[in-house]
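Engineer: In the working numbering, the protein residues as written are 5 to 302.
1) First and last residue of the alpha helix (DSSP H) that includes residue 237?
2) Could you have a look at residue 10 and say whether DSSP puts it in helix, strand or coil?
3) Out of 191, 44, 275, state which residue places its alpha-carbon closest to the alpha-carbon of residue 250.
4) Which residues bound the alpha helix (DSSP H) around residue 270?
5) Which of helix, strand or coil does DSSP assign to residue 220?
6) Could you tell me the distance, in whole angstroms, from the CA atom of residue 146 to the CA atom of residue 81?
7) State the Cα-Cα distance for the pair residue 83 and residue 134, rounded to the nearest angstrom.
8) Should residue 124 be labelled buried (16 or more other beta-carbon atoms within 10 Å of its own) or exposed?
9) Measure the C-alpha to C-alpha separation of residue 157 and residue 187 and round it to an integer number of angstroms.
10) Just the C-alpha distance for residue 301 and residue 191, rounded to the nearest angstrom, thanks.
11) Nearest CA to the CA of residue 91: which residue from 208, 37, 227?
12) In whole angstroms, what separates the C-alpha of residue 41 from that of residue 29?
13) Assign residue 42 to one of three DSSP states: helix, strand, or coil.
14) Enumerate in chain order the residues of its own chain whose CB-to-CB distance from residue 109 is below 6 angstroms, with the five nearest sequence positions on each side excluded.
15) Quick check on the DSSP output: the beta strand (DSSP E) that includes residue 30 runs from which residue to which?
16) Could you tell me the distance, in whole angstroms, from the CA atom of residue 77 to the CA atom of residue 87?
17) Given a threshold of 16 other Cβ atoms within 10 Å of its Cβ, counted over all protein chains shown, does residue 93 qualify as buried or as exposed?
18) So residue 241 and residue 206 are supposed to be a Cβ contact under 8 angstroms. How far apart are they, rounded?
19) Specify the secondary structure class of residue 168 as computed by DSSP and reduced to three states.
20) Do residue 244 and residue 196 have their CB atoms nearer than 7 angstroms?
21) According to the neighbour-count rule (16 or more other Cβ atoms, all chains shown, within 10 Å of its Cβ), is residue 165 buried or exposed?
22) Give the straight-line distance between the Cα atoms of residue 182 and residue 47, rounded to the nearest whole angstrom.
23) Got a sec? Which residues, its chain only, sit under 6 angstroms from residue 168 by beta carbon, not counting five neighbours each side?
24) Can you tell me whether residue 290 is buried or exposed? The criterion is at least 16 other CB atoms within 10 Å of its CB, across all chains shown.
25) For residue 25, name the three-state secondary structure that DSSP assigns.
26) Could you pull out every residue in the same chain whose Cβ sits closer than 7 angstroms to the Cβ of residue 106, ignoring the five residues on either side in sequence?
27) Is residue 112 helix, strand or coil when you go by DSSP?
28) Which residues in the same chain have their Cβ closer than 8 angstroms to the Cβ of residue 104, if we skip the five residues on either side of it in sequence?
29) Report the partner residues of residue 36 according to the DSSP bridge assignment.
30) For residue 57, which option in 102, 203, 210, 219 has the closest C-alpha, if you only look at C-alpha atoms?
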């Protein structure tokens, strides 16, 4: 695939204003994506996909994403390529190389990487998976569980206290600090883990897996202030998914072979859940949009 020519930067002579530095072209297993293609694909991702799951920071450049995590960069490129009319064959070319990079990244523990970038990449590739011929070859269920486990391993479920999940004693433990922006990103990432994991688990007909929908998620849903604040679309979706999680848990964790609650308990639980649903409808009202519910009814 030919590289789109990058803009020439003027020499820094007197009276000459240097042109803005262009995005670097990138190559993965012989598949080259040019500067102009990358910029176009990133614009498409943040315009068409990001609003449904506002996980990433649109202010970061493609080069910054690549330096932070090649997998996250290629996840954005691949997802956008699935809808870009100008590059109809790009997704097919990238599917195998990006899949290989994904599983290479999984082999490196999140604790060793000690950042949220691979977790965000896992979430994106769960939400908009690579092409798969059959449901049984789609790794989204496995990958969503890896995302949750990796998030817990690096302490995303305690967004204000990442230092407690570092190995100690170590130089990294002593010097590690997190600013407000990073805390907010950790909160968004943990919320996205919960949203995507529950949605995919339900698609596969399974009950709740892993320690999701914890105290932090309750704070984000019920309070939503300070550390626990989220974009409105994400918070609304999280509230809906928390309710779905409670329904699934109530209907699939009975102490018998079917997992169903006993009949005389079942109706009481359904009444309580219906009351909670009415509260949610009153709480959210007309605030809901297609983006808020897309991951619930995909």
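We treat Cβ as the ideally placed atom computed from N, Cα and C, and that holds for glycine. Just so it is clear, the structure is predicted and the values come from calculations on it, not from any experiment.
Structural biologist: Taking the structure as given:
1) In the DSSP assignment, residue 237 falls within the unbroken alpha helix (DSSP H) covering 236-256.
2) With a pLDDT of only 31 at residue 10, under 50, the local geometry of the prediction cannot be trusted, and the value read off the model is given with reservation. Assigned with DSSP and collapsed to three states, residue 10 falls in coil, not helix or strand.
3) Distances from the alpha-carbon of residue 250 to those of 191, 44, 275 put 275 closest.
4) Boundaries of the alpha helix (DSSP H) around residue 270: 267-288.
5) DSSP places residue 220 in helix when its eight states are reduced to three.
6) Per the coordinates, the alpha-carbon of residue 146 lies some 22 angstroms from the alpha-carbon of residue 81.
7) Answer to the nearest angstrom: the Cα atoms are 8 angstroms apart.
8) Counting Cβ neighbours within 10 Å, residue 124 comes out buried, since at least 16 surround it.
9) The alpha-carbon atoms of residue 157 and residue 187 are separated by roughly 16 angstroms.
10) Per-residue confidence for residue 301 stands at a pLDDT of 42, beneath the threshold of 50, marking its modelled position as unreliable; no derived number is given.
11) Nearest option by C-alpha distance: 37.
12) Roughly 9 angstroms between the two C-alpha positions.
13) Here DSSP, grouped into helix, strand and coil, assigns residue 42 to helix.
14) Excluding sequence neighbours, residue 109 sits near 75, 122.
15) That run of the beta strand (DSSP E) goes 30-32.
16) Roughly 17 angstroms between the two C-alpha positions.
17) When all chains shown are included, residue 93 counts as exposed.
18) Between residue 206 and residue 241 the Cβ distance is about 13 angstroms, and since that is not below 8 angstroms, they are no contact.
19) Three-state DSSP puts residue 168 in a helix.
20) It is not a contact, given that the beta carbons lie outside the stated cut-off.
21) Counting the other CB atoms within 10 Å of its CB gives residue 165 a total below 16, which places it among the exposed residues.
22) For residue 182 and residue 47, the distance between alpha carbons rounds to 29 angstroms.
23) Hits under 6 angstroms: none found.
24) Exposed is the label assigned to residue 290, since fewer than 16 other Cβ atoms lie within 10 Å of its Cβ.
25) Residue 25 falls in the coil class under three-state DSSP.
26) Closer than 7 angstroms at the Cβ level, and outside the excluded window around residue 106, lie 75, 129.
27) Three-state DSSP puts residue 112 in coil, outside helix and strand.
28) Counting only Cβ-Cβ distances below 8 angstroms, and skipping sequence neighbours, we find 33.
29) 31.
30) Relative to residue 57, the option among 102, 203, 210, 219 whose CA is nearest is 203.
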